[in-house]
Amino acid sequence: MQRIPILQMGKCLLVTIQVDLQDQTALALQDDLASRIEATGAHGVLIDISALEIVDSFIGRMLASISGISRVLDATTVVVGMQPAVAITLVELGLSLEGVRTALNVERGMQLLRAAAEEQGFDGGA
């Protein structure tokens, strides 16, 4: 089974998904990310899905679940790089990704994480 790398940048974790996510890989990412947030005390998680061309309802729910888990662990999650076809598919599947912050690209995503860190009073957030 493939593992998705999780990189640390200051108080943020960066996840770049470069392969089509299989269910087991997505579940492993959820567990790995929760462990890394707890271990590092990260305040932000940026998930780049720009390489994903297809998502199904399970992957959509996993993105929402990862965001929820991060929130409970005191970290803000931003999903970036969503392709129009992926956004259309998620809407057609009825998945609005409640509570998931999104941005067009990594730069805008990092701006959102910095703003969230400042709101929460974290020094140097992203």
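In this text, residue positions in the sequence shown follow the working numbering: the first is 28, and each later residue adds one. A virtual CB, placed ideally from N, CA and C, is assigned to each residue, including glycine.
The three-state reading of DSSP puts Ile-76 in coil, since its state is none of H, G, I, E or B. Around the Cβ of Gly-87, a 10 Å sphere holds 16 or more other Cβ atoms; the residue is buried. Secondary structure at Ile-33: strand, using DSSP grouped into helix, strand and coil. Every unbroken stretch of the beta strand (DSSP E) spanning 3 or more residues and falling wholly within the segment 37-87 is given here in chain order: 39-43 and 71-75. Following the DSSP letters along the chain, one finds Val-133 inside the alpha helix (DSSP H) bounded by residues 133-146. The C-beta distance from Phe-85 to Asp-50 rounds to 6 Å, short enough to fall under 8 Å.
For Ala-112, the enclosing alpha helix (DSSP H) stretches over residues 111-119.
Listed in chain order, the non-local C-beta contacts of Arg-63 below 8 Å within the same chain comprise Ile-33, Gln-35, Leu-40 and Ala-69, local neighbours out to five positions each way being set aside. Put simply, the backbone Cα of Ala-114 is about 11 Å away from that of Asp-83. According to the DSSP secondary-structure assignment, Val-107 is paired through a beta bridge with Asp-75 and Ala-130.
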